[in-house]
Ligand SMILES: [Zn+2]
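In this note's numbering, the protein residues as written are 4 to 476.
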């Protein structure tokens, strides 16, 4: 994510211990945990199963804002289950089946509790279907309250609906295991009246016309975190292109968008090419952008299809693109490690400027971030507190950790660390401790000095990270 407030403040283009589950006893089904123990969001996520695929069928009434929906969720039990939970905020559930048999359910707050007719055996694949309806509301989200936002997720504006769910907005529009640790593939079948268009994650596999309405079927084949799912419904123009290697690119924008506003987005293939050289091959099946008519308070790196507020430029594009490697492909295991998303994305936008403008551009960015961090006495990037995950610790001090590491180990090892990071945790999740261990492994030595000063220290080091490494390294 890149909040607008940060870009104006600074012109800068996030290891937790989960409550360990009781030792698996396959013979005695029990209630899956209603919570994954993430310190920042009590009640978020659920235990006892691992989601493999979400299939969402949504009929959207753009006049009333109401949806009629069916969610089909394929999951695998990680222990025997006589009941389990999903996260769902608002909306009314009218029926639930498990393996095709009606199941008892109760919906209270964020928790949808489901008791299947017969217990699910440990390790079994099982299908749950939830029929629900209502007008989706923003899910309350403590991570954005300091930005004056009521919540995240399904955002209704005059021009249409846009979905930006970081951190916990996904539960406001579909029942899910709403935590980055449980990635799954997804498909979306959305029916909406003409002239609206639907842009979602992955590949548009089918578009059918039924007279007054159209149905858009999207499929995301790369596993993703729930907060990265997006469905956007507006009157949108579409430009389709592809990179030299054949990666499909889709640019959705409102009628009347100027060529000047589209210009940075039309350079997307160049950015993908440059970042692929630095971080390894682009990790997903497609890429693109949705530009909104209104300001939404920032941009979000929704997987394969970021959503941008009106007026977003090349720095924001570089930031959201970098998230496809850092945050999306390599996800975080807990929200207190948000710097692993945002510090990397901010630093990547500096790397793009270094490439297009020159070394002095990144030096300036480093100095500016360092000055900001010192003046505002910004605390360490790791574990900034839920109200500060979109603040200076992650966006200001976060990228400085990476710059300090680069100065310490040199360019060759630094980029080797980034590429190894993506390779090792590809389509998975990792922690700050994992990053430190991997950095030290690649560097072949302890890096306590760098991480103590830049990642953990309450006080900002007095000087910007300096290049101490001999060129011969
Ligand atoms: Zn971001």
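By construction, the Cβ of each residue, glycine as well, lies at the ideal position given by its N, Cα and C atoms.
Note that the structure is a prediction, hence the values are computed from the model and not measured.
Quiz prompt | Start and end residues, alpha helix (DSSP H) containing residue 275 | solution = Per DSSP, residue 275 is one residue of the alpha helix (DSSP H) stretching across 271-282.
Quiz item: Over what stretch of residues does the alpha helix (DSSP H) that includes residue 262 continue unbroken?
Solution: First-last of the alpha helix (DSSP H) with residue 262: 262-265.
Self-check item: residue 357 - DSSP class collapsed to helix/strand/coil
Solution: Residue 357: helix per DSSP, three-state reduction.
Practice problem: Under 7 Å Cβ to Cβ from residue 401, same chain only, skipping five residues before and after it: list those, please. | Solution: If we look at residue 401 and ignore the five residues flanking it on each side, its Cβ neighbours are 342, 345, 346, 349 and 384.
Practice problem: Please classify residue 26: does DSSP put it in a helix, a strand, or coil? | Solution: With a pLDDT of 49 at residue 26, under the threshold of 50, the predicted position of this residue should be treated as unreliable, and no value is reported.
Quiz item: Taking residue 284 as the reference, which of 120, 291 and 274 has the closest Cα?
Solution: Closest in C-alpha terms to residue 284, from the list 120, 291 and 274, comes 274.
Quiz item: Using the C-alpha atoms, what's the distance from residue 409 back to residue 436?
Solution: Between residue 436 and residue 409, the alpha-carbon positions lie close to 18 Å from each other.
Self-check item: Beta-carbon spacing of residue 203, residue 54 below 8 Å
Solution: It is not a contact, given that the beta carbons lie outside the stated cut-off.
Self-check item: Boundaries (first-last residue) of the alpha helix (DSSP H) holding residue 444
Solution: Residue 444 -> alpha helix (DSSP H) spans 435-446.
Quiz item: In chain order, what residues of the same chain lie with their CB nearer than 6 Å to the CB of residue 235, ignoring the 5 residues before and after it?
Solution: In the same chain as residue 235, and ignoring 5 residues on each side of it, the C-beta atoms closer than 6 Å to its own belong to 165, 202 and 293, in chain order.
Quiz item: By how many angstroms is the C-alpha of residue 184 removed from the C-alpha of residue 25?
Solution: Residue placement at residue 25 is poorly supported in this model, since its pLDDT is 48, which falls under 50; the coordinates still yield a value, given next. Cα atoms of residue 25 and residue 184: separation of roughly 19 Å, rounded to the nearest angstrom.
Quiz item: Taking just the CA atoms, how far does residue 354 sit from residue 366?
Solution: If you draw a straight line from the Cα of residue 366 to the Cα of residue 354, it is about 10 Å long.
Exercise. From the DSSP output, in three-state form, read off residue 79 for me.
Key: Strand at residue 79.
Practice problem: Measuring alpha carbon to alpha carbon, tell me which of 150, 197, 317 and 307 ends up nearest residue 266. | Solution: Ranking 150, 197, 317 and 307 by Cα distance to residue 266 puts 317 first.
Quiz item: Just how far apart, CA to CA, sit residue 311 and residue 125?
Solution: Looking at the backbone, the Cα of residue 311 and that of residue 125 are separated by about 42 Å.
Quiz item: Can you give the Cα-Cα distance for residue 390 and residue 148, rounded to whole angstroms?
Solution: Going by the C-alpha atoms only, they are around 7 Å apart.
Exercise. In the DSSP assignment, find the unbroken beta strand (DSSP E) run with residue 97 in it and report its ends.
Key: Counting along the chain, the beta strand (DSSP E) containing residue 97 begins and ends at 95-101.
Self-check item: Reduced DSSP secondary structure (H/G/I, E/B, other) of residue 313
Solution: In this structure, residue 313 counts as coil in the three-state DSSP scheme.
Practice problem: Would you tell me roughly how many angstroms separate the C-alpha atoms of residue 61 and residue 223, rounded to the nearest one? | Solution: Looking at the backbone, the Cα of residue 61 and that of residue 223 are separated by about 16 Å.
Quiz prompt | Residue interval of the beta strand (DSSP E) (run including residue 206) | solution = Start and end: 206-212.
Quiz item: Would the beta-carbon of residue 5 be found less than 7 Å away from any heavy atom of ligand 1?
Solution: For ligand 1, a non-hydrogen atom lies closer than 7 Å to the CB of residue 5.
Quiz item: Would you say the beta carbon of residue 345 comes nearer than 7 Å to a heavy atom of ligand 1?
Solution: Flag set: Cβ of residue 345 near ligand 1.
Quiz item: Which of helix, strand or coil does DSSP assign to residue 13?
Solution: Here the model assigns residue 13 a pLDDT of 37, short of 50, so the residue's position is not dependable, and the following value carries that caveat. It is helical.
Self-check item: Segment contact flag, the stretch 110-130 with the stretch 155-162, C-beta cutoff 8 Å, min 3 pairs
Solution: Here the stretch 110-130 makes no contact with the stretch 155-162; the two share fewer than three CB pairs at distances below 8 Å.
Quiz item: Whole-angstrom Cβ separation of residue 330 and residue 307, contact assumed at under 8 Å?
Solution: About 13 Å separates the Cβ atoms of residue 330 and residue 307, ruling out a contact at the 8 Å cut-off.
Quiz item: Alpha carbon to alpha carbon, how far is residue 175 from residue 139?
Solution: Distance between the alpha carbons of residue 175 and residue 139: 6 Å.
Quiz prompt | Contact the stretch 207-223 vs the stretch 91-105: 3+ CB pairs below 8 Å | solution = Here the stretch 207-223 makes no contact with the stretch 91-105; the two share fewer than three CB pairs at distances below 8 Å.
Self-check item: Contact between the stretch 454-469 and the stretch 250-268 (3+ Cβ pairs under 8 Å)
Solution: The stretch 454-469 and the stretch 250-268 do not touch, with fewer than 3 CB-CB distances between them shorter than 8 Å.
Practice problem: Note the first and the last residue of the continuous beta strand (DSSP E) segment covering residue 192. | Solution: Counting along the chain, the beta strand (DSSP E) containing residue 192 begins and ends at 187-196.
Quiz prompt | Boundaries (first-last residue) of the beta strand (DSSP E) holding residue 221 | solution = From DSSP, the beta strand (DSSP E) with residue 221 extends over 216-227.
Quiz item: Under the DSSP definition of a beta bridge, which residues are partnered with residue 132?
Solution: DSSP, once it has assigned bridges, lists 75 and 100 as partnering residue 132.
Quiz item: Near residue 467, which residues of its chain fall below 7 Å by C-beta distance, leaving aside the five closest residues on each side in sequence?
Solution: Closer than 7 Å at Cβ, skipping near neighbours: 369, 370 and 373.
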